[in-house]
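Worksheet: one structure, shown below.
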Amino acid sequence: MTRLLSSAVAAGLAMLLAGQPASAEALKPEYKVSTVLGAPFPWGLSAQRWADLVKERSNGRIVLKVYPGAQLVGGDQTKEFTAMRQGVIDMAVGSTINWSPQVSQLNLFALPFLMPDFRALDAITSGPAGKMVFDVIATKDVVPLAWGENGFRELSNSKRDVRTPEDLKGLKIRVVGSPLFNETFTALGANPTQMSWADAQPALSTGAVDGQENPLAVYSLAKLYTLGQKHLTLWGYVADPLIFAVSKPVWDTFSPEDQALLRAAAADAGAYGRDIARKGITVEDPSLLTQIEAAGVTVTRLSPAQQKAFQKATAAVYDKWKARIGADLVTAAEQSVAASR
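So the sequence shown is residues -24 to -1, 1 to 317, counted in mature numbering (1 follows the signal peptide of the UniProt record, and there is no 0).
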């Protein structure tokens, strides 16, 4: 009996060293997934869909729990990527903007007016530039699995309609914690003020800031029009893709089969989130915009000529950050955009 037991232990050790699938006992009771926005925002819904799909496809073996509000990092969303590298967070559905302080290449998506529409955005994320970005992230102890979406970021304020760069002059605009956003709005004559999403809503309510920029789904679900944000400009100046990712030390504990399961579920959840984020804001389906206008909001749709004026005003910022992000990466993205036209 002792000889048989020793043989079994030796066989199990050999399988482990050979990279065989981990046993169910090696799994954590729960894997913490960080997000900034929870349900009913598309961001939170896609994170929860990931958790649901993983639980279903693993027959309950792998349990992901979504923690919205960046609560795992004390509400500071810019610390999420570092926390994942350190293993404080197991997984995340994170914003390219929030992770850009640690991964400078993610500023690609915040280059002003790089992507004219969803087709261009999809061409970047699914093309060479998207792969280049994922390759960089993979060198930082984080494993990127799939793209998701928060949406194109539109501009709102409580003071006036914005049709030209001159209309932005002097407006105090809440921006996220990225120097590129500061420089973009400074170039347009605005007064950018960095603050977390948790602080932004009270600041809008009290008039401490005049405006903000966010995807339309966020604007609508957060009812920012009730906080004085009655002037909305559709300018699509940057997009905010999301990334489904896992801490590398955590990833390495999963068997190859479970890794494939997590990756496929992330891809499906990302597609689900993209559909929700784009619902009601297209020419074919403007239902969300119709609801926003019904709330007494003035929606300004820029003509191509008007958008060109904003693009010209931020051209120096674009060129500066193209060099900082990496000319090869930005050029690859530009080529994908051109091919999508």
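Cβ coordinates follow ideal geometry from the N, Cα and C atoms, glycine included.
Owing to the predicted nature of the structure, the values given are computational and were not obtained by experimental measurement.
Using DSSP bridges, identify the partner residues of residue i.
i: Pro120; result: Ala221
i: Ile268; result: Bridge partners of Ile268: none, in fact.
i: Glu189; result: Leu131
i: Asp216; result: Gly127
i: Met67; result: Val9 and Val222
i: Thr258; result: None; Thr258 has no bridge partner.
Alpha carbon to alpha carbon, what distance is there between residue j and residue i?
i: Val138; j: Leu144; result: 6 Å
i: Ser10; j: Thr58; result: 12 Å
i: Ser316; j: Asn35; result: 40 Å
i: Val119; j: Ile113; result: 7 Å
i: Gly70; j: Ala166; result: 27 Å
i: Ala86; j: Val214; result: 5 Å
i: Leu260; j: Val39; result: A small correction: the amino acid at residue 260 is Glu; Leu does not occupy that position in the sequence shown. One C-alpha to the other measures close to 38 Å.
i: Lys206; j: Gln235; result: 46 Å
i: Ala198; j: Ala176; result: 11 Å
i: Leu238; j: Pro232; result: 10 Å
i: Ala122; j: Leu131; result: 27 Å
i: Tyr7; j: Asp304; result: 36 Å
i: Arg25; j: Leu192; result: 21 Å
Give the DSSP-derived three-state secondary structure of residue i in the structure shown.
i: Phe128; result: strand
i: Leu82; result: helix
i: residue 326; result: What is shown of the chain runs -24 to 317, which leaves residue 326 out entirely.
i: Met171; result: coil
i: Lys8; result: strand
i: Thr276; result: strand
i: Val42; result: strand
i: Leu210; result: strand
i: Met60; result: helix
i: Leu48; result: helix
i: Ser76; result: coil
i: Asp228; result: coil
i: Phe89; result: coil
i: Gln205; result: coil
i: residue 321; result: Nothing in the structure corresponds to residue 321, since the chain is present only between -24 and 317.
Would you kindly report the start and end of the unbroken alpha helix (DSSP H) that includes residue i?
i: Gly20; result: Pro18 to Arg33
i: Gly106; result: Pro104 to Ile113
i: Ala15; result: Ala15 -> no alpha helix (DSSP H), and no H or E assigned at all.
i: Arg139; result: Segment: none, Arg139 is in no alpha helix (DSSP H) and carries neither H nor E.
i: Leu97; result: Phe94 to Thr101
Contact check, residue i vs residue j under 8 Å by CB: the rounded distance?
i: Val226; j: Gly63; result: 7 Å
i: Ala253; j: Pro16; result: Not really, about 12 Å apart at Cβ, beyond 8 Å.
Where does the unbroken beta strand (DSSP E) through residue i begin, and where does it stop?
i: Val306; result: Val306 -> not in any beta strand (DSSP E); alpha helix (DSSP H) instead, spanning Ala303 to Ser316.
i: Leu156; result: No beta strand (DSSP E) holds Leu156; the alpha helix (DSSP H) holding it covers Pro155 to Ala163.
i: Ile149; result: Lys148 to Val151
Just to confirm, does residue i get its C-beta within under 8 Å of one of the non-hydrogen atoms of the ligand SAM?
i: Tyr195; result: The model on display carries no ligand, and the ligand SAM is accordingly not part of it.
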